[in-house]
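Comments concern the structure below.
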Amino acid sequence: MRRQHLIYFLVLFLGACVSVNIPTSSSVKATGASYTEPGTPFKSIKPQQLDKVWLSEKTGNTISYLSECENPMDPGLRQIEGESLSALGKLKIESSVNATFNNRESLLTTASGEVDGIPAKVKLVIFKRNNCSYTLTYAGIAKNFTSETSIFDKFVESFKVP
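Numbering-wise (the working numbering), the sequence shown opens with residue 2 and increments by one.
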């Protein structure tokens with residue numbers, strides 16, 4: 002149970018870090034995103050600052066997405082990446098590559114580190130479209146991370162914005 006609370010904390014903290022420079026009241030969420038929800042063992046949980054969060058009942062891993070529109074700071078993809086990963090202590094970027102996603106420039110990142118001394122991993126897909134930024138996140142305890150990456154990959158493949 003501690004594992005699930007830790008990962009839930011991690012995903013909420015990661016989501017909150019993307020909004021570090023913006024007061025919560027000025028954050029505008031995107032509309033019109035379509036996707037196929039992750040299936041079993043993932044269950045939807047109530048998001049706080051994130052648009053949507055699913056928690057694996059099997060491993061405690063999470064899949065989430067965050068959108069922010071009309072951000073006057075207009076951070077770049079690398080800045081969003083840095084803010085998103087700031088929750089990890091002993092951060093190690095395993096890969097970070099530019100790609101195309103939803104017909105826009107994107108950043109695909111996998112990183113590892115620690116949360117409360119427990120090894121964790123995060124996979125991010127970051128892109129901007131129509132004055133909005135999107136961060137798709139898969140987070141989990143390092144030892145359980147690879148077991149559900151294919152579910153996240155299917156979620157990412159299905160994720161479309163207007």
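The C-beta atom is built at its ideal place from N, Cα and C for all residues, glycine as well. In this text, all values refer to a predicted model and were calculated from it rather than measured experimentally.
Burial state of residue i, where buried means 16 or more other Cβ atoms lie within 10 Å
| i | result |
| --- | --- |
| Arg79 | exposed |
| Val98 | exposed |
| Glu71 | exposed |
| Ala31 | buried |
| Glu149 | buried |
| Val29 | exposed |
| Lys124 | buried |
Member of the options whose CA lies at the smallest distance from the CA of residue i
| i | options | result |
| --- | --- | --- |
| Glu158 | Asn103, Ala121, Ser107 | Asn103 |
| Asp154 | Gly118, Ala143, Thr63 | Thr63 |
| Thr37 | Gln49, Lys53, Ala31, Phe146 | Lys53 |
| Thr170 | Lys44, Gln49, Leu51 | Because the chain spans 2 through 163 in this model, residue 170 falls outside it and cannot be assessed. |
| Phe146 | Phe160, Ile119, Cys133 | Ile119 |
Nearest-angstrom Cα separation, counted from residue j out to residue i
| i | j | result |
| --- | --- | --- |
| Pro39 | Met74 | 32 Å |
| Ser113 | Gly33 | 32 Å |
| Ala121 | Pro163 | 33 Å |
| Lys47 | Ser57 | 14 Å |
Cβ-heavy atom distance, residue i to the ligand FMN, below 7 Å
| i | result |
| --- | --- |
| Ser151 | Looking at this structure, you won't find the ligand FMN or any other ligand, since it has none at all. |
Supposed contact pair residue j and residue i - C-beta distance, whole angstroms, cut 8 Å
| i | j | result |
| --- | --- | --- |
| Leu89 | Glu115 | 7 Å |
| Thr110 | Glu82 | 6 Å |
Worksheet item: Pairing CB atoms from the stretch 124 to 142 with CB atoms from the stretch 51 to 70, are three or more of them under 8 Å?
Response: yes
Worksheet item: Touch check for the stretch 77 to 93 and the stretch 116 to 133: three-plus C-beta pairs under 8 Å?
Response: yes
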